[in-house]
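Sequence lines, in order, name chains A and B.
Counting from 1 along the first sequence, just add 585 to a position and that's the residue number in this note's numbering.
Counting from 1 along the second sequence, just add 585 to a position and that's the residue number in this note's numbering.
Using N, Cα and C, we set each Cβ at its ideal position, and we do this for glycine too.
Have a look at the structure below, then the notes.
Protein chains: 2
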Amino acid sequence: MNENKKMFMQIVKQLRELIYEQQIEPGDKLPSERVLSEQLGVGRSSVREALRSLELLGLIETRHGGGTFLASIHHHQLIEILSSFILQETKSIEDVHATREMHEREAIRIICRSETSRSLPVWESLFIKVELQQELVREDILRECIIASNNRLSLKIWLQLLAYSTQTFKRFVTEQEKKALQMFIKSLQMGYIKEAIEAYEEWIEIIQDEL
Amino acid sequence: MNENKKMFMQIVKQLRELIYEQQIEPGDKLPSERVLSEQLGVGRSSVREALRSLELLGLIETRHGGGTFLASIHHHQLIEILSSFILQETKSIEDVHATREMHEREAIRIICRSETSRSLPVWESLFIKVELQQELVREDILRECIIASNNRLSLKIWLQLLAYSTQTFKRFVTEQEKKALQMFIKSLQMGYIKEAIEAYEEWIEIIQDEL
DNA sequence: CGTACAAAAGTGGTCTGACCACTTTTGTGA
DNA sequence: TCACAAAAGTGGTCAGACCACTTTTGTACG
């Protein structure tokens with residue numbers, strides 16, 4: 586219909602306006618594809634191309650036979666798509682490890698700086714688990730760190746990187762690891778950044794050696 | 586023909602694999618829609634839905650009558666879409682900034698620790714540019730840092746995050762900024778991690794204030 | 001009157017074929 | 001050899017047809 590721009594981009598724009606005008610809230614249902622196609626004066630396939638784009642972005646959600654809905658949790662789905670494309674290219678395992686540890690260290694720093702994050706009850710329970718030398722996975726502890734750092738984007742990226750890392754498996758905590766881990770958690774709770782980072786690095790080195 | 590997942594998602598995945606297998610580089614041409622549709626055993630409209638999605642993401646570029654091409658990393662249209670769609674999800678934007686700066690700081694640390702990275706000629710030339718107070722973009726300097734840190738995955742992620750951040754624009758270096766920047770580069774070259782990080786943080790704070 | 005269940009309507013999912021507009025390649029004639 | 005028109009290739013859009021699934025509706029039975 587209109588010139589200058591791509592049709593499906595125009596439709597995306599019009600959908601946005603429609604959502605605004607009709608005050609469609611997250612979780613609400615959008616008009617059906619056929620209705621939209623008639624309403625906007627374009628073919629159904631064009632409407633679908635726009636809708637599929639928004640779906641890939643995670644902005645809408647479709648249910649076969651049910652309808653199309655404005656998604657409740659926006660935006661972060663995108664990172665997964667992008668990062669899977671990125672990882673496809675770079676594939677360097679070293680890079681994945683380095684980047685992952687970067688996110689872990691940063692999370693540690695942020696926790697140390699935040700009174701509320703430091704005093705989360707999860708640290709106590711982790712400490713006790715280590716004390717009892719229960720079965721533990723490195724990822725369980727680090728996931729808690731990333732979550733506590735309160736950066737959902739970083740968490741998403743980290744989870745992606747995790748998927749590319751070597752297989753995880755539960756193991757019992759050794760004496761040596763226990764020492765490093767407790768040092769790590771204690772430093773975390775006290776907010777000693779330097780010590781926490783050092784203990785973290787010592788810990789993952791121990792784990793590395795065991796593999 | 587398909588599994589429990591969405592068809593167009595499957596096609597996106599298959600396209601990714603195809604790009605990897607055939608070693609299609611950014612700028613290269615993809616097979617035509619009709620060829621893809623036959624090759625993947627699906628209808629052309631399904632292929633188009635997947636392609637349109639990737640186009641909205643900025644991962645591919647289409648020229649009417651010309652063909653479909655793997656895009657070099659640009660992504661400008663994505664920012665508009667997201668920023669207009671995602672209503673004040675401030676926390677997300679904060680996350681993007683925080684994550685981006687995390688990658689920047691980590692790059693600085695890595696450079697400081699590496700004799701070869703520290704002594705790269707690029708630092709000298711950057712220093713001189715600052716000295717002459719030439720037009721500079723924050724991103725130009727930081728990009729060099731990430732590149733020098735020699736983690737291609739981190740670079741890719743950083744570039745993506747960059748696309749989300751506020752618009753970049755060239756500006757002349759102010760007196761105050763010049764001081765912080767030179768301190769930053771000098772520390773980098775000397776390998777003083779603490780000082781480099783501090784100068785970096787001071788620098789971006791100055792820039793932030795100016796906006 | 002109410003409930004259960006089957007029919008109908010609504011909706012997304014996919015494919016085919018057609019036509020248009022534009023670009024690239026090919027072929028032909030000067 | 002070159003210029004230019006024809007042909008082929010390619011993306012852009014639409015209409016219609018099924019299919020699979022969900023929601024609504026209507027009806028018959030208890």
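So for residue i, helix, strand or coil by DSSP?
i	result
residue 773(B)	helix
residue 726(B)	helix
residue 642(B)	helix
residue 764(A)	helix
residue 759(A)	coil
residue 591(A)	coil
residue 669(B)	Residue placement at residue 669(B) cannot be trusted, given a pLDDT of 43 that sits under 50; the coordinates are not used to answer.
residue 605(A)	helix
residue 660(B)	Note on residue 660(B): pLDDT 41, under 50, position unreliable in the model; no value is reported.
Would you mind working out which of the options sits nearest residue i, comparing C-alpha positions?
i	options	result
residue 614(A)	784(A), 771(A), 626(A) and 650(A)	650(A)
residue 782(A)	714(A), 742(A) and 730(A)	730(A)
residue 699(B)	681(B), 777(B) and 593(B)	777(B)
residue 732(B)	690(B), 716(B), 717(B) and 715(B)	690(B)
residue 646(B)	622(B), 621(B), 612(B) and 592(B)	612(B)
residue 767(B)	601(B), 713(B) and 683(B)	713(B)
residue 738(B)	791(A), 736(A) and 746(A)	746(A)
residue 716(A)	648(A), 771(A), 605(A) and 616(A)	771(A)
residue 705(B)	774(B), 761(B) and 607(B)	774(B)
residue 648(B)	591(A), 608(A), 601(A) and 760(A)	591(A)
residue 627(B)	606(B), 653(B) and 595(B)	595(B)
residue 769(A)	762(A), 784(A) and 763(A)	784(A)
residue 763(B)	790(B), 744(B) and 679(B)	790(B)
residue 682(A)	736(B), 652(B), 682(B) and 653(B)	736(B)
Looking at residue i: is its Cβ nearer than 8 Å to the Cβ of residue j?
i	j	result
residue 633(A)	residue 619(A)	no
residue 693(A)	residue 702(A)	no
residue 801(B)	residue 610(B)	Since the displayed chain B opens at 586 and closes at 796, residue 801(B) lies outside it and no answer follows.
residue 599(A)	residue 636(A)	no
residue 765(A)	residue 780(A)	no
residue 792(A)	residue 723(A)	yes
residue 597(A)	residue 622(A)	no
residue 688(B)	residue 726(B)	no
residue 631(A)	residue 593(A)	yes
So the beta strand (DSSP E) residue i belongs to, where does it begin and stop?
i	result
residue 655(B)	652-655
Along the chain, where does the alpha helix (DSSP H) that runs through residue i open and close?
i	result
residue 701(B)	700-703
residue 624(B)	618-625
residue 716(A)	706-716
Just to check, is the beta-carbon of residue i closer than 7 Å to a non-hydrogen atom of the ligand NAP?
i	result
residue 768(A)	You won't find the ligand NAP in this model; it holds no ligand whatsoever.
On the premise that residue j lies in contact with residue i, defined as a C-beta separation below 8 Å, what is that separation, rounded to the nearest angstrom?
i	j	result
residue 642(A)	residue 641(B)	7 Å
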